[in-house]
Structures are given as structure tokens and as C-alpha cells.
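Q: The structure is given below, and queries will be raised subsequently.
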Amino acid sequence: MKKAWNVVLVIVFVIILLGATAIGVGYLTGADLEQVYMTLEKSPVATFILRLISYWEKGFAYAQQLVATLPQFFAGLF
Amino acid sequence: MWEVSTINKQKFLAELAKLLTFMYEDDRQKALGAYNEMFDEAEDEQMLLQALVSPLRQAVEVARAYNAGKQSLSTAAKPREDEEANDAFMDTIHRIRAEALKKQPAVQVVNENQISLFDAPEETGPAEAPAQPEAAAEVPAEEAAAPAESEDGAEAPAEEADAPEEAETENGPEAEEDAQADEEDEDAPLPESKPAPALQTAELDRSQPAQKTVRKARVPLLILYILLAIPLGLIGLAILLIPALVSLAAAIVCITVAVLAVTSALGSFPKIANLLVALGAALILLAVGLVFLMLFVWFLAGAIGGMINGLITLGGKWCYKEVPAE
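This is the structure we're talking about:
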């Protein structure tokens, strides 16, 4: 398991290094961040993230309801 | 008193069998058989165990009587072929038996520190000293009875030579003087720096293949352990599954977003600089996703698997005992 962790961490480090290099080179060669955001908003990424956020909000609301009903549930037991 | 209750005939014989591996297999079986008979004859097993003090002490006594010069440690577990039989050690065992059986009624109260049959010698307390001078004083006489030993004493393995010395140093100044006199008579240079546990550990390692033991379940304890371990294991499993599933969800989200970002960026950015920034962000997200995935695997295989393995190992330790094979 320790060896597997080492291998994964090396891969992760290399990927992060590549990503940071790509972002750095993009900035240096005149990337327009607003254009990047606008393009990604129209892509399936944005809809996926928005869907996740809606799921999260729904799940959080259910959890809040559950926590609110727990005292009543225990009160009914005794 | 706790230590006394944990020791029994089988443990004593198993430990002694390990310590006597320097003998030929025939002789070893003969010696072990004699000790077995001794236990059968004893009215009170615990009293006999107290009289015998420890397997190490008995092994030392037998080793002194045994013709150590002819048999090297490599003879362990081999049948005798060309060597002549030497039953001097049997006389010693008979003498020990007679004395131990004679001593039994006299032993009434056992000090907590006196009996430490399976602990290392350094763990035995100072209260052991009063009981031992008798045994130590008998050793020179025994050696005088076996003159062949003095000739072969110089060739004896270091471990064998060290063990008696260690036993004697515990027995007070008189026993030490006797031991020194014996050493001078024998002209056997005994290195003083090596402690007796070397005999125990070295011979235990060497005797592993020769030792035949059988695992025997303590059924009531096993049932009790299973009844406790299953609910506790399920609770631990539930506790560990929550972070594992959260890690898996995070990994799926990160990797999906990264892949979607890469696929959408490749076709929709006319400018390479913008494409590079989007790809860089996607790669970093992918790396984070990999870390979460590895965390999930670790929780599943490392933590949960380790917990289950630990429970099984603990059950094996507590609920099973090793007894010498009949």
C-alpha cells in the first residue's frame, strides 16, 4: 500500500506540474480568462456542475429535515 | 500468581523441546519422555513446575550432562547414526525428578517474582535467588560424575557454555565461585559477554522446523469473541465506509469535470493560450480526482481490510493455543 501511495503521488505530482506549466504558458502567451469562462459556461461542464450543486442543495435540505425530525422521533420513543 | 496460572505441563514441555534441539533426536525424545513421566507422577503439576523453576534451567542441566563435544548444534532433529549412545543426561533427569518430587510438599507459598517460567531471565525478580542455590550447588557434583565432559567442554558451542554461566550468576556469590572453579578445571574458555538469552533465541530459530505444534481452539472464548467481534466489526465498517464513499464521490466528480473540460476545450477555443489554461485547470482537477480515488482504495483495502485482518489475528491469538503434537 505504501508503494502504491508513492506511485500515485508521483503521478499526481507530474500531472499537477504539467497543469501548472500549461496554465503558466497560457497566461504568458496572452490568455483571455473571460473568454475561457464564457466558453466553459456553454459547455457540458457547466451543466454538470450546476446539476451537482442542485443535488447537493436537495441533499442538504433533506439532511436538515431529518435532523429536525430526530428529536421528535426520540421523544416519541420514551 | 498470575504467571503461575498461565503455565502448564504442555507449555513447559514445548519450551523444553525447543531448548533441547542441540541433542540427537533420539536423546531429545528420551529426555522429553522422562520429563513427561515426571509430570504424570506428580500429584500437583504447579508444585512440580515451581520445583523445576524453568525450562531454560532444565535445559542447562541436561546440556551439562549431555556429551556436548560430540554433538554439535547441527545435529538437531537428526537420528543418531554413528555416535555411541550417551545416557549420562538421563541420570541427571532422574536425579532432578527425585529432587523435584521430594520438594513438592515443601513448597507452600510462591512469591510473585519467583516463577517466571517463560519470561526472559532478566525479568525474574530477586526473590528467585533463595530457591536456586541448591540447584546450582548440585551442578559441580554432576559434572564431576561425568568426566567425559571435561575433555569435550572446550569444544562445546558458545551458546551452551553461556547458558549455564548465566544461570549460575543468578545464584549468588557461592554458586559463582563454584562455577569459576569448574571452569578452571575444565580449561574451557567461556566468553562472559554473551548473555544466556542467546541460547534461547538462537535455538528457538533453529528449532522452528523441528517443532511440531497443533493449534487448538478454546471454544468458549472463541464463541464469546465472535459474539463481540461481529457487532464491533460492523460498527467499525460503517464508520470507515462513510469517508470511503465520500472519497469515491469526490473522485468521480473531479475526474468527470476534468474530462468534460478537456473535451469541451479542445473544440471550442480558437486561441491556443486559452486552450492551455483550460487544459491546465483540467489536469489539476484530474490530479485531485486521482488522490481522492487512491484515498477510497486505501479506506477500502487498507483500513477496512486491515481492521478485518486485525480482528481475525486477534481472535487467533486469544482463542487458539499451540500445543505440542502428540
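Here the protein sequences come in this chain order: S and L.
Each residue of the first sequence is one higher than the last, beginning at 1 in the numbering used here.
Each residue of the second sequence is one higher than the last, beginning at 1001 in the numbering used here.
All C-beta atoms in this analysis are idealised placements derived from N, C-alpha and C, irrespective of residue type, glycine included.
1. If you draw a straight line from the C-alpha of Ala1100(L) to the C-alpha of Leu1020(L), how long is it?
2. Spell out a yes or no on whether the region 1213 to 1231 of chain L and the region 1248 to 1266 of chain L are touching, meaning 3 or more CB-CB pairs, one atom from each, closer than 8 Å.
3. Please check if any C-beta of chain L sits within less than 9 Å of the C-beta of Ala63(S).
4. Give the DSSP-derived three-state secondary structure of Glu1322(L) in the structure shown.
5. With DSSP collapsed to three states, give me the class of Asp1119(L).
6. Give me the Cα-Cα distance between Pro1243(L) and Leu77(S), rounded to the nearest whole angstrom.
7. Does any residue of chain L have a CB that is nearer than 9 Å to the CB of Gln72(S)?
8. Can you confirm whether Val12(S), when its beta carbon is compared against all beta carbons of chain L, has any partner nearer than 9 Å?
9. Quick check: the Cα distance between Val1214(L) and Lys3(S), rounded to an integer number of angstroms?
10. For Ala31(S), which of helix, strand or coil comes out of DSSP?
11. Secondary structure at Thr1021(L), three-state DSSP: helix, strand or coil?
12. By how many angstroms is the C-alpha of Leu1293(L) removed from the C-alpha of Gly1236(L)?
13. Output the boundary residues of the alpha helix (DSSP H) element that contains Arg51(S).
14. For Leu1266(L) and Val1297(L), I'd like the C-alpha separation in whole angstroms.
15. Please report the Cβ distance between Ile1304(L) and Leu1240(L), rounded to the nearest whole angstrom; I am assuming they are in contact, meaning their Cβ atoms lie under 8 Å.
16. How many Å lie between Phe74(S) and Ala61(S) at the Cα?
17. I need the DSSP call for Lys1271(L), collapsed to helix, strand or coil.
18. Specify the secondary structure class of Ala20(S) as computed by DSSP and reduced to three states.
19. Using C-beta distances below 8 Å, list every residue in its chain close to Lys1212(L), excluding the 5 sequence neighbours before and after it, in chain order.
20. Between the alpha carbons of Ala1059(L) and Leu1016(L), how many angstroms are there, rounded?
21. Please confirm whether Lys3(S) has its beta-carbon closer than 9 Å to some beta-carbon of chain L.
22. Could you name the residues of the region 1286 to 1305 of chain L whose beta carbon sits closer than 9 Å to any beta carbon of chain S, in the order they occur along the chain?
23. Is the CB-CB distance between Phe948(L) and Ala1063(L) below 9 Å?
24. Does the beta-carbon of Leu1285(L) have 16 or more other beta-carbons within 10 angstroms, so that it is buried, or is it exposed?
25. Using DSSP's beta-bridge definition, name the partner residues of Arg1215(L).
26. Confirm, please, whether the CB-CB distance from Ala20(S) to Leu1276(L) is below 9 Å.
A: If we stick to the structure as given:
1. As a first step, residue 1100(L) must be located in the second sequence, where it is residue number 100. As a first step, residue 1020(L) must be located in the second sequence, where it is residue number 20. Cα-Cα distance, rounded: 20 Å.
2. Verdict: no, contact absent.
3. If you number the first sequence from 1, residue 63(S) lands on position 63. Closer than 9 Å to the CB of Ala63(S) there is not a single CB belonging to chain L.
4. For the purposes of this step, residue 1322(L) is taken as residue 322 along the second sequence, with counting starting at 1. Strand at Glu1322(L).
5. Your numbering for residue 1119(L) matches position 119 in the second sequence. Any reading at Asp1119(L) must be qualified, since the residue scores a pLDDT of 46, below 50, and its modelled position is unreliable; the value itself is stated next. Asp1119(L) falls in the coil class under three-state DSSP.
6. Within the second sequence, numbered from 1, the residue matching residue 1243(L) stands at position 243. Within the first sequence, numbered from 1, the residue matching residue 77(S) stands at position 77. C-alpha separation (whole angstroms): 30 Å.
7. Taking the first sequence and counting its residues from 1, the one referred to as residue 72(S) is at position 72. Gln72(S) does not count as touching chain L.
8. Numbered from 1 along the first sequence, position 12 holds the residue referred to as residue 12(S). By this cut-off, Val12(S) is an interface position.
9. Locating residue 1214(L) in the second sequence gives position 214, where the first residue counts as 1. Locating residue 3(S) in the first sequence gives position 3, where the first residue counts as 1. One C-alpha to the other measures close to 36 Å.
10. On the first sequence, position 31 is the one that residue 31(S) refers to. Three-state result, Ala31(S): coil.
11. Position 21 of the second sequence, counting from 1, holds the residue named residue 1021(L). In the three-state scheme derived from DSSP, where H, G and I count as helix and E and B as strand, Thr1021(L) is classed as coil.
12. Residue numbering aside, residue 1236(L) sits at position 236 when the second sequence is read from its first letter. Residue numbering aside, residue 1293(L) sits at position 293 when the second sequence is read from its first letter. Here the alpha carbon of Gly1236(L) sits roughly 21 Å from the alpha carbon of Leu1293(L).
13. As a first step, residue 51(S) must be located in the first sequence, where it is residue number 51. Taken as a continuous stretch (DSSP letters only), the alpha helix (DSSP H) holding Arg51(S) covers 44 to 77.
14. Working through the second sequence from its first residue, we reach residue 1266(L) at position 266. Working through the second sequence from its first residue, we reach residue 1297(L) at position 297. Pairing Leu1266(L) with Val1297(L), the inter-Cα distance amounts to about 31 Å.
15. Translated into positions along the second sequence, residue 1304(L) becomes position 304. Translated into positions along the second sequence, residue 1240(L) becomes position 240. Yes, Ile1304(L) and Leu1240(L) are in contact; Cβ-Cβ is about 5 Å, under 8 Å.
16. Taking the first residue of the first sequence as position 1, residue 74(S) is located at position 74. Taking the first residue of the first sequence as position 1, residue 61(S) is located at position 61. Near 21 Å, if we compare the C-alpha coordinates of Ala61(S) and Phe74(S).
17. The residue labelled residue 1271(L) in the question sits at position 271 within the second sequence. Lys1271(L) falls in the coil class under three-state DSSP.
18. Taking the first sequence and counting its residues from 1, the one referred to as residue 20(S) is at position 20. DSSP places Ala20(S) within a helical segment (H, G or I) once states are collapsed to three.
19. Counting from one through the second sequence, the residue named residue 1212(L) turns up at place 212. Excluding positions up to five away in sequence, the list reads Pro1324, Ala1325.
20. One-based indexing of the second sequence puts residue 1059(L) at position 59. One-based indexing of the second sequence puts residue 1016(L) at position 16. Cα to Cα, Ala1059(L) sits roughly 6 Å from Leu1016(L).
21. Against the first sequence, residue 3(S) aligns to sequence position 3. For Lys3(S), the answer is no, since every Cβ of chain L falls outside 9 Å of its Cβ.
22. Hits within the stretch, in order: Leu1286, Ala1287, Val1288, Leu1290, Val1291, Leu1293, Met1294, Val1297, Trp1298, Ala1301, Gly1302.
23. Outside the shown range of chain L, which is 1001 to 1326, sits residue 948(L), and nothing can be said about it.
24. Sequence index remark: in the second sequence, residue 1285(L) carries index 285 (1-based). Under this definition Leu1285(L) is a buried residue.
25. Locating residue 1215(L) in the second sequence gives position 215, where the first residue counts as 1. Glu1322(L).
26. Numbered from 1 along the second sequence, position 276 holds the residue referred to as residue 1276(L). Numbered from 1 along the first sequence, position 20 holds the residue referred to as residue 20(S). At a Cβ-Cβ threshold of 9 Å, Leu1276(L) and Ala20(S) do not count as neighbours.
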